[in-house]
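In our numbering, the protein residues as written are 1479 to 1974.
Have a look at the structure below, then the notes.
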């Protein structure tokens, strides 16, 4: 029986749930004060904000399961949230629902080098896994730029990547199993502790499902042995085109670096203002190329990379001689998203993907779009696999500029699709890009995806309104319900 059936009304239902959650998790684990609730009104994408009806901070899988069971029984929607660093509105709360925050579940339960794995709770910070494994000579490969603050549970939800995904892949390639609370409140295991398990790959469906299929409460991750050798260089080019040619030449030569990152002049300007990274003056673009592996192999391929950068027109190449210099190269890149706040009061982070062979052409088209609208775009991206992160800069205080920035941001995604790419590489669809899904997928495609979602969540209470461009309720006639986002229709999504 739902709260609607009982006639209690929304506030009474949430009030009863709050009392139940205090008894279950402790009085300090439940937030109902509106000012405190506003702390959780958005994730890293502050453009959309919704104050949650109720926040609960469980400390165990059993508490999460009990909270979800209570929500399901009451017919109250719920959303899971980790560190809140997502950039697509995937953890945007529901105004009439419960926000389940996993940040108190921060135990590393097991480090098992002999079996190349670790078991962690969802609130564990990404970088902490590597710190715990490092004394044994191992590390956790996925490394989003926010790895010092983002949580593993969020990485699983969004299938996060990072600078080293070119060689090592995304989060999905490093998760062996997960204990999951289903939308009905049942604790189940997907996958296991080994690389292969029989049956359907439900774990593969769960990783990257953006919190719409359940909540991970324990995660078994792969650990990799620390490489014997790591070499890193920074190459400065007059223009982005030359840097793009260097990337193509490196990959065409059969070299697979651990990472190839590119920043254009505007992104460099922002990084210098924020962290004084000391990149070469006058660079229209810089490449950061890192190789790792056996020493003999790294030395051979590093020489080839150096040669390709020189041939493509690099006017300065710096080679990191120690860990400190390598960290300085990466400091500018890792701080790039936040750094643009030094040169622009507001910005939109996009996340399109293109084939790397068309990188120079697409960047020229983005420059043309920028010039045509008068809105600046700073480009930071994983050049090796074509994952773009255009930063669209604007000033909310100037009338019409936010709308123009939104239109330019959408045009960039359309450009990615037109060149055979995707609307997201690692940030997810969330709320921000849901209305772009029909530009990539047919109605039949979307309805097939929805059937999978309904198999996990037939009542539609688990992170509703995300990923798909309409409510797309279970049991609806395929292709018939097309409209605006339900939060927007209800006037609940405040746009800033």
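Note that the Cβ used here is the ideal one computed from N, Cα and C, for glycine as well.
Nothing here was measured: the structure is a model prediction, and the numbers come from that model.
First through last residue of the alpha helix (DSSP H) which encompasses residue i
{"i": "residue 1669", "result": "Segment 1665-1669 is the beta strand (DSSP E) holding residue 1669; no alpha helix (DSSP H) there."}
{"i": "residue 1679", "result": "Looking at the DSSP string, residue 1679 is not in any alpha helix (DSSP H), and its letter there is neither H nor E."}
{"i": "residue 1646", "result": "1643-1646"}
{"i": "residue 1927", "result": "1921-1934"}
{"i": "residue 1894", "result": "1879-1896"}
{"i": "residue 1719", "result": "1718-1730"}
Length of the line joining the Cα atoms of residue i and residue j
{"i": "residue 1933", "j": "residue 1681", "result": "14 Å"}
{"i": "residue 1619", "j": "residue 1633", "result": "12 Å"}
{"i": "residue 1957", "j": "residue 1945", "result": "Legend: pLDDT at residue 1957 = 41, less than 50; position of this residue unreliable, no value from coordinates given."}
{"i": "residue 1788", "j": "residue 1724", "result": "8 Å"}
{"i": "residue 1794", "j": "residue 1786", "result": "13 Å"}
{"i": "residue 1479", "j": "residue 1936", "result": "Only weak support is given to the placement of residue 1479: the predicted model assigns it a pLDDT of 39, under 50, and the value that follows is read from those uncertain coordinates. Roughly 15 Å separates the two Cα atoms."}
{"i": "residue 1756", "j": "residue 1739", "result": "16 Å"}
{"i": "residue 1688", "j": "residue 1798", "result": "37 Å"}
{"i": "residue 1510", "j": "residue 1714", "result": "52 Å"}
{"i": "residue 1668", "j": "residue 1658", "result": "7 Å"}
{"i": "residue 1490", "j": "residue 1914", "result": "37 Å"}
{"i": "residue 1497", "j": "residue 1553", "result": "17 Å"}
{"i": "residue 1782", "j": "residue 1597", "result": "39 Å"}
{"i": "residue 1986", "j": "residue 1500", "result": "Because the chain is modelled from 1479 through 1974, residue 1986 falls outside the range shown and cannot be assessed."}
{"i": "residue 1808", "j": "residue 1745", "result": "13 Å"}
{"i": "residue 1927", "j": "residue 1747", "result": "42 Å"}
{"i": "residue 1791", "j": "residue 1705", "result": "30 Å"}
{"i": "residue 1803", "j": "residue 1546", "result": "48 Å"}
{"i": "residue 1810", "j": "residue 1761", "result": "14 Å"}
{"i": "residue 1845", "j": "residue 1703", "result": "41 Å"}
{"i": "residue 1648", "j": "residue 1851", "result": "34 Å"}
{"i": "residue 1492", "j": "residue 1656", "result": "29 Å"}
{"i": "residue 1749", "j": "residue 1868", "result": "15 Å"}
{"i": "residue 1911", "j": "residue 1580", "result": "25 Å"}
{"i": "residue 1644", "j": "residue 1593", "result": "24 Å"}
{"i": "residue 1863", "j": "residue 1523", "result": "24 Å"}
CB contact flag (residue i, residue j, <9 Å)
{"i": "residue 1686", "j": "residue 1637", "result": "yes"}
{"i": "residue 1549", "j": "residue 1732", "result": "no"}
{"i": "residue 1887", "j": "residue 1894", "result": "no"}
{"i": "residue 1525", "j": "residue 1942", "result": "no"}
{"i": "residue 1736", "j": "residue 1651", "result": "no"}
{"i": "residue 1766", "j": "residue 1841", "result": "no"}
{"i": "residue 1692", "j": "residue 1684", "result": "yes"}
{"i": "residue 1742", "j": "residue 1857", "result": "yes"}
{"i": "residue 1924", "j": "residue 1947", "result": "yes"}
{"i": "residue 1836", "j": "residue 1855", "result": "no"}
{"i": "residue 1599", "j": "residue 1631", "result": "yes"}
{"i": "residue 1975", "j": "residue 1570", "result": "The structure shown does not extend to residue 1975, since the chain spans only 1479 to 1974, so no value can be given for it."}
{"i": "residue 1555", "j": "residue 1907", "result": "no"}
{"i": "residue 1872", "j": "residue 1861", "result": "no"}
Proximity winner among the options, relative to residue i (alpha-carbon distances)
{"i": "residue 1880", "options": "1853, 1890 and 1866", "result": "1853"}
{"i": "residue 1518", "options": "1564, 1498, 1491 and 1541", "result": "1564"}
{"i": "residue 1885", "options": "1753, 1915 and 1847", "result": "1847"}
{"i": "residue 1590", "options": "1635, 1527, 1826 and 1701", "result": "1701"}
{"i": "residue 1817", "options": "1859, 1805, 1801 and 1751", "result": "1751"}
{"i": "residue 1516", "options": "1505, 1504, 1503 and 1533", "result": "1533"}
{"i": "residue 2034", "options": "1581, 1601 and 1610", "result": "What is shown of the chain runs 1479 to 1974, which leaves residue 2034 out entirely."}
{"i": "residue 1768", "options": "1716, 1728 and 1541", "result": "1728"}
{"i": "residue 1775", "options": "1709, 1522, 1849 and 1832", "result": "1709"}
{"i": "residue 1629", "options": "1614, 1606, 1644 and 1646", "result": "1606"}
{"i": "residue 1839", "options": "1582, 1613, 1522 and 1722", "result": "1722"}
{"i": "residue 1530", "options": "1508, 1574 and 1551", "result": "1574"}
{"i": "residue 1654", "options": "1613, 1601, 1815 and 1595", "result": "1595"}
{"i": "residue 1586", "options": "1770, 1716, 1860 and 1698", "result": "1698"}
Extent of the continuous beta strand (DSSP E) to which residue i belongs
{"i": "residue 1695", "result": "1693-1700"}
{"i": "residue 1780", "result": "Where residue 1780 is concerned, there is no enclosing beta strand (DSSP E), although the alpha helix (DSSP H) it sits in stretches over 1773-1790."}
{"i": "residue 1796", "result": "1794-1797"}
Exposure of residue i, with buried meaning 16 or more beta-carbon neighbours within 10 Å
{"i": "residue 1660", "result": "buried"}
{"i": "residue 1694", "result": "buried"}
{"i": "residue 1876", "result": "exposed"}
{"i": "residue 1561", "result": "buried"}
{"i": "residue 1834", "result": "buried"}
{"i": "residue 1666", "result": "exposed"}
{"i": "residue 1512", "result": "exposed"}
{"i": "residue 1773", "result": "exposed"}
{"i": "residue 1536", "result": "buried"}
{"i": "residue 1874", "result": "exposed"}
{"i": "residue 1539", "result": "buried"}
{"i": "residue 1965", "result": "Note that residue 1965 scores a pLDDT of 38, beneath 50, so its modelled location is shaky; the value from the coordinates is reported in the next line. Answer is buried; the Cβ neighbour count reaches 16."}
{"i": "residue 1891", "result": "buried"}
{"i": "residue 1823", "result": "exposed"}
{"i": "residue 1577", "result": "buried"}
{"i": "residue 1604", "result": "buried"}
{"i": "residue 1674", "result": "exposed"}
{"i": "residue 1778", "result": "exposed"}
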